[in-house]
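Novice: The following block contains the structure, expressed as structure tokens.
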Amino acid sequence: MDASQLLKGVLDVAVLAVVRDADGYGYDVVRRLRGAGLEDVGDASVYGTLRRLYQAGALTSYVVPSDEGPHRKYYAINDRGRSVLEDSTKTWRTFADTVDGLLAGSAAAA
1 MDASQLLKGV
11 LDVAVLAVVR
21 DADGYGYDVV
31 RRLRGAGLED
41 VGDASVYGTL
51 RRLYQAGALT
61 SYVVPSDEGP
71 HRKYYAINDR
81 GRSVLEDSTK
91 TWRTFADTVD
101 GLLAGSAAAA
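Each residue of the sequence shown is one higher than the one before, starting from 1 at the first, in the working numbering.
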């Protein structure tokens, strides 16, 4: 199974979960996702997801000056983002439970 295809479907919820714990700038979010076990996550995918979630109103952003290079744009989850994360978490759990049941062979025959 191609994990990158699975990742595309859950990247929004994974990014929201990471910034729920602490605000982060693009590469910081990539690093935390990889550290959590999503080693195949691409930089461009995460940057695009951050922009999309920001445009959808699920994240806010602010710029922090840096003495070591360019300023960094940090993203923070807001109330809308927490609501999206909560709804997505419920959907994910239902979906994962269903697939787990299928894999365990406990689904009713059609």
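Cβ coordinates follow ideal geometry from the N, Cα and C atoms, glycine included. Since we're looking at a predicted model, the values are computed, not measured.
Roughly how many angstroms separate the alpha carbons of N78 and V15, rounded to a whole number?
Specialist: One-based indexing of the sequence shown puts residue 78 at position 78. One-based indexing of the sequence shown puts residue 15 at position 15. So the alpha carbons of these two residues sit roughly 13 angstroms apart.
Novice: Would you check if the segment 66-86 and the segment 19-39 touch, i.e. whether three or more CB-CB distances between them fall below 8 angstroms?
Specialist: The answer is yes - the segment 66-86 touches the segment 19-39, with three or more Cβ pairs under 8 angstroms.
Novice: Mapping DSSP to helix, strand and coil, what is S4?
Specialist: By 1-based counting over the sequence shown, the position of residue 4 is 4. If DSSP states are grouped into helix, strand and coil, S4 belongs with the helices.
Novice: Between which two residues does the beta strand (DSSP E) containing A76 stretch?
Specialist: Here residue 76 refers to the residue found at position 76 when the sequence shown is read from its first residue. It spans 72-77 - the beta strand (DSSP E) in which A76 sits, taken as one unbroken run.
Novice: Mind checking who L59 pairs with in its DSSP beta bridge?
Specialist: As a working mapping, residue 59 is identified with position 59 in the sequence shown. Note: L59 sits in a beta bridge opposite I77.
Novice: Leaving out the 5 sequence neighbours to the left and right, which residues in its chain are closer than 6 angstroms to R80 when beta-carbon positions are compared?
Specialist: If you number the sequence shown from 1, residue 80 lands on position 80. Same-chain partners within the cutoff: G57, A58.
Novice: Buried or exposed, going by whether 16 or more other CB atoms sit within 10 Å of the CB of L50?
Specialist: Within the sequence shown, numbered from 1, the residue matching residue 50 stands at position 50. Buried, by the Cβ-count rule.
Novice: Of the choices R20, G9, P65, Q5, whose alpha-carbon is the least far from that of E86?
Specialist: Start at 1 with the first residue of the sequence shown, and residue 86 comes out as number 86. Looking at the Cα atoms, R20 is the closest of the given residues.
Novice: Quick one: what's got a C-beta closer than 8 angstroms to V29's C-beta in the same chain, skipping five residues either side?
Specialist: In the sequence shown, residue 29 corresponds to position 29, counting from 1. Same-chain partners within the cutoff: V15, V18, V19, V46, L50, Y75.
Novice: Below 8 angstroms on the Cβ atoms is my contact criterion, and I expect V13 with T89 to pass it. Report the Cβ-Cβ distance as a whole number of Å.
Specialist: What you label residue 13 is simply residue 13 of the sequence shown in a count that begins at 1. What you label residue 89 is simply residue 89 of the sequence shown in a count that begins at 1. At roughly 7 angstroms, the Cβ-Cβ gap stays under 8 angstroms, so V13 and T89 are in contact.
Novice: Quick one: is L38 buried, meaning 16 or more other Cβ sit within 10 Å of its Cβ, or exposed?
Specialist: The residue labelled residue 38 in the question sits at position 38 within the sequence shown. So L38 counts as buried.
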